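Chains as they are written, first to last, in numbering that gives the first Met the number 0: chain A, 0 to 85; chain B, 0 to 576. See structure below.
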Amino acid sequence: MKRLIPILAVLLVVVSLLELVLPVKVYDHHPWWRGLPGLYGLFGAAGCGLLVLVAKSLGKLLLVPEPDPALEDERPIDPAQMEEGR
Amino acid sequence: MSLLYLHPALAFLGGLVLVLVLPRRLRPVALVGAPAVALLLVEALAARAGEGAATQLLYLGQTLQPLRVDALSLLFARIFALAGGIGMLYGLHERSRVGHAAMMGTVAAALAVVLAGDLMTLFVAWELKALATTAIVATGGMAASARFAQRYLLMHTLGGTLLLAGIVWWVVGGNPLAFVAMDLTPASALILGGFALSAAIPPLHAWMTNAYPEGSPAGTVVLSAFTTKAAVYALSRGFPGVELLVWVGVAMALYGLIFAMLENDMRRLLAYHIVSQVGFMVCAVGMGALGEGPAQDKVAKLALNGSAAHAYSHILYKGLLLMATGAVIYATGFRKLSELGGLWRRMPFTLAMLMIGAVSISGTPLWNGFVSKSMVITAADYAQRPAVEWMLTLASVGTFLHTGLKLPWFIFFAADSGVQPQRKLPWNMGLAMVVSATLCTLIGLWPQLLYDMLPHQSQAGEAVYKPYTVAHVLHSVQLMLGTALVFFLLVRLLAGKPEVQRDAGEIYTLVGRGFVLVSRRVVQPAMAATAQVVGAGVRALPPIGRRIDGLRRAPIGLWVMAAVMVLAVLVLVLQGV
Numbered sequence: 000m001k002r003l004i005p006i007l008a009v010l011l012v013v014v015s016l017l018e019l020v021l022p023v024k025v026y027d028h029h030p031w032w033r034g035l036p037g038l039y040g041l042f043g044a045a046g047c048g049l050l051v052l053v054a055k056s057l058g059k060l061l062l063v064p065e066p067d068p069a070l071e072d073e074r075p076i077d078p079a080q081m082e083e084g085r
Numbered sequence: 000m001s002l003l004y005l006h007p008a009l010a011f012l013g014g015l016v017l018v019l020v021l022p023r024r025l026r027p028v029a030l031v032g033a034p035a036v037a038l039l040l041v042e043a044l045a046a047r048a049g050e051g052a053a054t055q056l057l058y059l060g061q062t063l064q065p066l067r068v069d070a071l072s073l074l075f076a077r078i079f080a081l082a083g084g085i086g087m088l089y090g091l092h093e094r095s096r097v098g099h100a101a102m103m104g105t106v107a108a109a110l111a112v113v114l115a116g117d118l119m120t121l122f123v124a125w126e127l128k129a130l131a132t133t134a135i136v137a138t139g140g141m142a143a144s145a146r147f148a149q150r151y152l153l154m155h156t157l158g159g160t161l162l163l164a165g166i167v168w169w170v171v172g173g174n175p176l177a178f179v180a181m182d183l184t185p186a187s188a189l190i191l192g193g194f195a196l197s198a199a200i201p202p203l204h205a206w207m208t209n210a211y212p213e214g215s216p217a218g219t220v221v222l223s224a225f226t227t228k229a230a231v232y233a234l235s236r237g238f239p240g241v242e243l244l245v246w247v248g249v250a251m252a253l254y255g256l257i258f259a260m261l262e263n264d265m266r267r268l269l270a271y272h273i274v275s276q277v278g279f280m281v282c283a284v285g286m287g288a289l290g291e292g293p294a295q296d297k298v299a300k301l302a303l304n305g306s307a308a309h310a311y312s313h314i315l316y317k318g319l320l321l322m323a324t325g326a327v328i329y330a331t332g333f334r335k336l337s338e339l340g341g342l343w344r345r346m347p348f349t350l351a352m353l354m355i356g357a358v359s360i361s362g363t364p365l366w367n368g369f370v371s372k373s374m375v376i377t378a379a380d381y382a383q384r385p386a387v388e389w390m391l392t393l394a395s396v397g398t399f400l401h402t403g404l405k406l407p408w409f410i411f412f413a414a415d416s417g418v419q420p421q422r423k424l425p426w427n428m429g430l431a432m433v434v435s436a437t438l439c440t441l442i443g444l445w446p447q448l449l450y451d452m453l454p455h456q457s458q459a460g461e462a463v464y465k466p467y468t469v470a471h472v473l474h475s476v477q478l479m480l481g482t483a484l485v486f487f488l489l490v491r492l493l494a495g496k497p498e499v500q501r502d503a504g505e506i507y508t509l510v511g512r513g514f515v516l517v518s519r520r521v522v523q524p525a526m527a528a529t530a531q532v533v534g535a536g537v538r539a540l541p542p543i544g545r546r547i548d549g550l551r552r553a554p555i556g557l558w559v560m561a562a563v564m565v566l567a568v569l570v571l572v573l574q575g576v
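If you want it as structure tokens, here you go:
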């Protein structure tokens, strides 16, 4: 697991560089910065970070501790119980 | 010429009857046979499509079209029959007779919806689908099944009422009963509202996120394939190019994502994710405005094709994901991410199936998500709508993040929870998953298999959509690598805790409480006063004998109801005669 992050980083750089080497179609209506190699990698990384941040912030607002199982009905399901269909 | 006997819903209706009467040992015959027959019927219809396979019936002075066959309805009919087969196979071992019957009914109704050529048939099929899917939820065997089934039914009754009100208003306003693209008027807006509820467009989505996790493993697989996708079909047929849908779709795509990321229950996470993916489809429908010039037509065709292609792929890979997580629930009894972890050693096959579903949904090259989801994003690109394009791309990042990375990670890897599988998976569950996984891969490798079924085929001289371009492959791989990198850096922050989240369901509780309040303070006193007056009048009549006397004391409401029912039946029968 510890080696996973550097491996991913290296792969990302390699694939980004491939964009320079291989023929990539560019559309007339695209602004100049869309042709930059690694743009999508950056978007993925930044997007991921943003989404995690938003999720954690919203979590403070929206998440409540799970109700006491003794009061609520959401017990883990006993596999043996599920054999009985209705 | 009537081709009604070829209607694939009949195969599932026959299956429903067989499931109810056959002894348990023979039930698999029906469960596997019905979808097989249905698939044959669909192909038979497809072969006869050139004959203008539109069957017509006259009823109540209106022309009904219970069977309308064209490319769009055939595509949905095919995938529905197929998904029905996979779902039945997966659920072969489940004991509940009613549960199986409910699944059969659902597929039959869903097929009737997509093949309906007029609004009345659509409505009847829609309501039957609501009933059948409610039965699936109710027989789910989970602790909260019955409770959420009730809410589910209430919400779908509301949706059905909106639909009916809209249809009646629409037809009374002078529009034909045929189910074709409609202009947006107050009447058709009600119809759109009915469709939107079934499509789980927020805030009308809570029925799905509450109910789907409470179905049985097979039940939820069947549920996921039909209700929302039939609604996507309906939107695609009735409201292509409605601009509002573009923004609703984008909002849905991001909304579902945020809640999926917070979710601890595996299948509720996937249910929120359905909201997100349906958002893509809804957005695509919104971009599908045909007849506004060649440049816009190019966008619209790609968008509508994308919506249909994405629905097709989504049924396959979402089914696979729900099957894999259903298998984890079946084997271990646990459904929450906070309770799982370290299962990779003990359930490697399920992990492999989950990963295929995960890479498919994330749009990895070689699988079906890559060749379908991208059509929608590319359509936004051609339409020169960068806001839409980049927000949908962000939604793709989020999809990969929580379904491609978080879900498998916290179930199968992460800190070992010590959870052991309590029992082996039955062969049929494994086979169903393999079938789905194979189809996901096959379509990814040979997208033409899917593209040949799309409603808007390229004419001579028009450009054909090619998913495997250098740009597309490189960009997709980069996107995923970037997301994965940050995921593993932040993974500790994403661990699930035993928490539940508030969502739109809270609004329903508030509305419900308000309703009860009004009822107690206003409606009930009014009804009591009326009953007093009427009762006094009735008691003033001379007694005509003891039995009649007893009837006179029956609740007034019962009398009124009985009178209305008798009248209604009389009217329907006499009109048809």
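Ideal Cβ positions, reconstructed from N, Cα and C, are used throughout, including at glycine. Since the model is a prediction, treat every value here as computed from it, not as a measurement.
Which listed residue (the options) has its alpha carbon closest to that of residue i
| i | options | result |
| --- | --- | --- |
| residue 22(B) | 209(B), 96(B), 59(B), 429(B) | 96(B) |
| residue 62(B) | 40(B), 20(B), 116(B), 71(B) | 116(B) |
| residue 202(B) | 250(B), 439(B), 183(B) | 250(B) |
| residue 175(B) | 98(B), 426(B), 60(B) | 60(B) |
| residue 361(B) | 157(B), 480(B), 146(B) | 480(B) |
| residue 13(A) | 28(A), 23(A), 40(A) | 40(A) |
| residue 323(B) | 253(B), 384(B), 436(B), 232(B) | 436(B) |
| residue 11(B) | 84(B), 24(B), 42(B), 25(B) | 84(B) |
| residue 312(B) | 196(B), 78(B), 298(B) | 78(B) |
| residue 421(B) | 451(B), 379(B), 326(B) | 326(B) |
| residue 379(B) | 432(B), 74(B), 288(B), 221(B) | 288(B) |
| residue 185(B) | 169(B), 177(B), 195(B), 179(B) | 169(B) |
| residue 364(B) | 471(B), 284(B), 152(B), 14(B) | 471(B) |
| residue 200(B) | 150(B), 129(B), 280(B), 237(B) | 280(B) |
| residue 208(B) | 148(B), 510(B), 156(B) | 148(B) |
| residue 13(B) | 67(B), 105(B), 517(B) | 105(B) |
| residue 54(A) | 253(B), 367(B), 509(B) | 253(B) |
| residue 285(B) | 319(B), 496(B), 512(B), 239(B) | 239(B) |
Nearest-angstrom Cα separation, counted from residue j out to residue i
| i | j | result |
| --- | --- | --- |
| residue 17(A) | residue 49(A) | 26 Å |
| residue 92(B) | residue 198(B) | 30 Å |
| residue 246(B) | residue 331(B) | 41 Å |
| residue 267(B) | residue 492(B) | 20 Å |
| residue 444(B) | residue 314(B) | 18 Å |
| residue 561(B) | residue 127(B) | 24 Å |
| residue 89(B) | residue 258(B) | 28 Å |
| residue 544(B) | residue 530(B) | Its pLDDT being 48, under 50, residue 544(B) is placed unreliably by the model, and the measurement read from it follows with that caveat. Those two C-alpha atoms are separated by around 22 Å. |
| residue 123(B) | residue 295(B) | 35 Å |
| residue 230(B) | residue 34(B) | 21 Å |
| residue 262(B) | residue 337(B) | 10 Å |
| residue 352(B) | residue 329(B) | 15 Å |
| residue 467(B) | residue 441(B) | 14 Å |
| residue 112(B) | residue 524(B) | 43 Å |
| residue 181(B) | residue 233(B) | 11 Å |
| residue 390(B) | residue 22(A) | 26 Å |
| residue 451(B) | residue 3(B) | 25 Å |
| residue 154(B) | residue 206(B) | 7 Å |
| residue 304(B) | residue 455(B) | 6 Å |
| residue 32(A) | residue 138(B) | 55 Å |
| residue 394(B) | residue 17(B) | 43 Å |
| residue 10(A) | residue 416(B) | 31 Å |
| residue 2(A) | residue 413(B) | 15 Å |
| residue 343(B) | residue 490(B) | 18 Å |
| residue 482(B) | residue 388(B) | 18 Å |
| residue 59(A) | residue 167(B) | 46 Å |
Per DSSP, the bridge partner or partners of residue i
| i | result |
| --- | --- |
| residue 177(B) | 117(B) |
| residue 264(B) | 335(B) |
Residue i Cβ short of 7 Å to the ligand ATP heavy atom set
| i | result |
| --- | --- |
| residue 18(A) | Among the components of this structure there are no ligands whatsoever, and the ligand ATP is therefore not found. |
Exercise for the section: Could you tell me whether the stretch 476-488 of chain B touches the stretch 401-410 of chain B, where touching means 3 or more Cβ pairs closer than 8 Å? Expected result: yes
Exercise for the section: Counting only runs of 4+ residues fully inside the stretch 370-435 of chain B, write out the alpha helix (DSSP H) ranges in chain order. Expected result: 385-398, 406-411
Exercise for the section: Could you name each continuous beta strand (DSSP E) segment of 3 residues or more that falls completely within the stretch 23-111 of chain B, going from the start of the chain to the end? Expected result: 53-58, 61-67
Handout entry: At least 3 beta-carbon pairs within less than 8 Å: the stretch 96-111 of chain B vs the stretch 177-190 of chain B
Key = no
Exercise for the section: For the stretch 279-367 of chain B, list the beta strand (DSSP E) runs that are entirely contained and at least 3 residues long, ordered along the chain. Expected result: Taking only runs of at least 3 residues, no beta strand (DSSP E) segment lies wholly in the stretch 279-367 of chain B.
Handout entry: Contact between the stretch 412-426 of chain B and the stretch 272-285 of chain B (3+ Cβ pairs under 8 Å)
Key = no
Problem - Touch test, the stretch 212-228 of chain B against the stretch 159-167 of chain B, Cβ-Cβ under 8 Å, three pairs minimum - result: With a cut-off of 8 Å on Cβ pairs, the stretch 212-228 of chain B is not in contact with the stretch 159-167 of chain B, counting fewer than three such pairs.
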